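Numbering (UniProt numbering), first residue to last: 1 to 1015.
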């Protein structure tokens, strides 16, 4: 019995003793393990006609064959020979030696007939002389009609026409048997004989050699049994059911049209496996069928002397030889396939197509094939399908994290959940492999049987090295690219995975003729994905294993690079390699990009003051991390003499110098990203860049004249707490779209001339000294004024048609500006004296978020606008009641931290109506169906919502950061006692039992308790 969990509610209760932690939610389902299919089906045909389809056969048949015969005619001759041949081929027939014969057949014989996979009716001259045989035949034909049993016929020294019409010697014998019998019996026997005679079979009179005939029949029976044997090759394939449902819809097998269907996706994602399952499931429904495996390899291995036409001839020749089972056939031209197959209903699977000539040779047009034919093509290249006019395309998506985890476990442990003690290790490996089924299979098999110690030792290598069998498959697509597209692929793999597409276009504009076209080509070939996250934001995403492939290619690239001469590589991405180059000053002009994940450094990196002098072509310098709260690892003991003049991107968090090198050239600079830096001022002069991000640079005191920064689109000064003034030249930035000044504590005012039409985002949150509503363009879309001293809203704001979000701090003056009540979306309270929420707040009709901090005398939160979907309350120590309700918003968040006087009704309201919430609580509620101490719980699956609770306690008042979905985060402020965390998740699973498990990143936090409630 399976079940599906949809929109299931979950809440976690965890005890934290860590500064930063992340909760990962996982659940496993237990199913049986099956090995992957290793065989490929080929053309299907049979010389004996079958009277049913394999799908109708029972899986519980006791015998392979039930023979029906007249003993006196054949027992000592033909029957003995064919039974001997059956035994030699391992075919088990039913033998009736111990059954006493009579006029009617008993229950034992009926059970034997029904319990056989195939019934063979051996019609001889005296077959109809036995009412026993005739009654057997009636039962056989009844099973054929009702159960779909397969019936084969052998006409031994008798003509089928005589059987059908009851004429000749056969008819005379039959008429004699009918004498004295009831009309009902006679009618049943005649109908059965007429029906069985129409089933085409073998005729003894057509054979000169009886031994050859019995060999042929036994072979045919063996082949039928093989085809009828239910395939278990794909049992246990995680997620295959969903693929099959979608593919069956595309196949539309009920239609007589000839249809071509494409299965599109990157290497290793499972396209071939899906095609094999389809072939296994449906091939018997077609007159002819073929699975041509890995066609692209056939093209790569063809003789060099072959021109395109010759290559097509060879492909079509191989195709026809297989599908019509004709070896060494002659093929004078490419029209043969159409001539031979135009009247045949065929199923064709063409695996791993990567060139148009392959399709042109084998399946150029649908009119080549008979009505109802289906041609399935697997490929990485979407454009190839479109060019060929194939509109029915199935894009194979990566499995979910949970499905990937199950897949890996199936290969690593022989079951879809890990062995005890291996949960964390299995999750780490799955994450590194990035949900690619090929990688999960190969590496799962690699880890199978290893001890925990061996797992731990193998993990570091998995981070930087690609398994050879995985690499050989993935590299096919890379090798097929032109040189420029190969270079673009390597740039993405080494530097720009997960980056915004528009930014990458800007970074690479001087290196490639058309970056956008190149990116779309890589996407069409499934080497990258272009994820559209919003109307104006597309992210480039390359799979982890393709990233490793690209970096491995760079590491071993011949010619100008050497695996041992690190400074001569095109890209540097390995932390140890980068340390050596920057410490020893061995970088060369070959290096164009550096990406260092600072967290991967094992210790401190002392960068030479001359580290970049030899890297004259360096364009991209990225020191990714560390961030706020992490220790410094990058040091410049002697300062820095220079930065390369061709740099287009600088990302250097926690830069320790007070200013950039005096000879710093910005001519080519596109983006400067220096978070948490020690910079006090910037360079003067030319500023061509488009993005400047100096967030949390707390020592930055001033900005230079920005008159020449005419390309600047984003300026982020978040947390620059020493910045007291902005230059008036800010008003010249006609392309500026986003300006973030959040947390600029000393900033008192904005320049008066920043009425920029381009500006659509302005964040002044936590600018405590800002008193006046900013004079900005009416084109603004997002304006954040929370925690400022702004107390008035201009009347003209009613006509700001583009404004979608306005965040304000509460003050009593706001009630005088009712023209803003239809515009404010977020309202912030921080008033220790306030005892109740003013009534006029309810009039704010578009209010979505209410934030209350330190309102120590507040007792009740009343019903507010129906649009309210989020409420964040902290340190409101007198709060007891919540007199509001959410109006079924899809995302309903309620965060009530350190509000320990909340009454029972308030707590129940939060628990029952929020999709994500945190509130004080010491234990899992008593009414929960399942409860457990620790981090996991096992429950029987049911079609109901599930809630899991954990308690949070933080003894040192340190906040934590909780992630409960891949796309959402739940920030948790400092907590004084145990709290209850609730969050909602969605998943589709089918299993008898589920294990809900939670883990915390870091070793200083423990999970206290969890529970599951079935609603």
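The C-beta atom is built at its ideal place from N, Cα and C for all residues, glycine as well. Just so you know, these numbers come straight off a predicted model, no measurement behind them.
Could you pull out every residue in the same chain whose Cβ sits closer than 7 Å to the Cβ of residue i, ignoring the five residues on either side in sequence?
| i | result |
| --- | --- |
| residue 721 | 698, 743, 744, 745, 746 |
| residue 1093 | An answer regarding residue 1093 cannot be provided, because it is not within the stretch 1 to 1015 covered by the chain. |
| residue 551 | 493, 494, 573 |
Less than 8 Å separating the beta-carbons of residue i and residue j?
| i | j | result |
| --- | --- | --- |
| residue 370 | residue 393 | no |
| residue 362 | residue 316 | yes |
| residue 348 | residue 324 | no |
| residue 619 | residue 646 | yes |
| residue 641 | residue 666 | no |
| residue 758 | residue 786 | no |
| residue 199 | residue 243 | no |
| residue 884 | residue 861 | yes |
| residue 606 | residue 540 | no |
| residue 436 | residue 545 | yes |
| residue 154 | residue 217 | yes |
| residue 906 | residue 882 | yes |
| residue 791 | residue 813 | yes |
| residue 741 | residue 712 | no |
| residue 730 | residue 751 | yes |
| residue 519 | residue 501 | yes |
| residue 115 | residue 63 | yes |
| residue 123 | residue 192 | no |
| residue 112 | residue 68 | no |
| residue 870 | residue 848 | yes |
Please report how far the alpha carbon of residue i lies from the alpha carbon of residue j, in whole angstroms.
| i | j | result |
| --- | --- | --- |
| residue 268 | residue 156 | 54 Å |
| residue 1008 | residue 278 | 47 Å |
| residue 878 | residue 901 | 6 Å |
| residue 182 | residue 132 | 15 Å |
| residue 789 | residue 434 | 47 Å |
| residue 977 | residue 875 | 12 Å |
| residue 614 | residue 455 | 41 Å |
| residue 419 | residue 733 | 60 Å |
| residue 246 | residue 669 | 48 Å |
| residue 263 | residue 276 | 12 Å |
| residue 404 | residue 440 | 7 Å |
| residue 635 | residue 554 | 27 Å |
| residue 838 | residue 793 | 18 Å |
| residue 444 | residue 432 | 12 Å |
| residue 908 | residue 891 | 18 Å |
| residue 364 | residue 329 | 20 Å |
| residue 903 | residue 880 | 5 Å |
For residue i, collect the residues of the same chain with a Cβ closer than 6 Å to its Cβ; drop the 5 residues on either side in sequence, then sort them by chain order.
| i | result |
| --- | --- |
| residue 611 | 582, 585 |
| residue 1017 | The shown model of the chain, from 1 to 1015, leaves out residue 1017, and the question about it has no answer. |
| residue 872 | 851, 895 |
| residue 296 | 352, 354 |
| residue 495 | 593, 595, 620 |
| residue 835 | 857 |
| residue 219 | none |
| residue 548 | 466 |
| residue 738 | 714, 761 |
| residue 567 | 581, 586, 587, 588 |
With a CB to CB cut of under 8 Å and the five nearest residues on each side skipped, what residues in its chain are close to residue i?
| i | result |
| --- | --- |
| residue 617 | 589, 590, 591, 592, 644, 646 |
| residue 802 | 760, 778, 779, 780, 781 |
| residue 252 | 259 |
Q. Enumerated in chain order, which unbroken segments of the alpha helix (DSSP H) with a length of 4 residues or greater are wholly contained in the stretch 56-144?
A. 71-74, 80-88, 107-114
Q) Touch check for the stretch 172-189 and the stretch 117-130: three-plus C-beta pairs under 8 Å? A) yes
Q) Taking one C-beta from the stretch 281-298 and one from the stretch 563-581 each time, how about it: are there three or more such pairs within less than 8 Å? A) no
**Q.** Cβ contact (3+ pairs, closer than 8 Å) linking the stretch 372-391 and the stretch 408-426
**A.** no
**Q.** In chain order, each beta strand (DSSP E) run of at least 3 residues that lies wholly inside the stretch 317-361
**A.** 346-353
Q | Runs of beta strand (DSSP E) lying entirely within the stretch 851-931, each at least 3 residues, in chain order | A | 870-874, 893-897, 916-920
Q.
So within the stretch 450-497, which uninterrupted alpha helix (DSSP H) runs reach at least 4 residues, ignoring any that extend past its ends?
A. 452-464, 468-479, 483-491
Q. Residue ranges of each alpha helix (DSSP H) run of no fewer than 4 residues wholly in the stretch 641-710, ordered along the chain?
A. none
Q | Complete runs of the alpha helix (DSSP H) confined to the stretch 151-230 [at least 4 residues] | A | 160-165, 168-178, 183-197, 210-228
Q: Please list the segments of the alpha helix (DSSP H) lying wholly inside the stretch 554-618, counting only runs of 4 or more residues, in order along the chain.
A: 575-584
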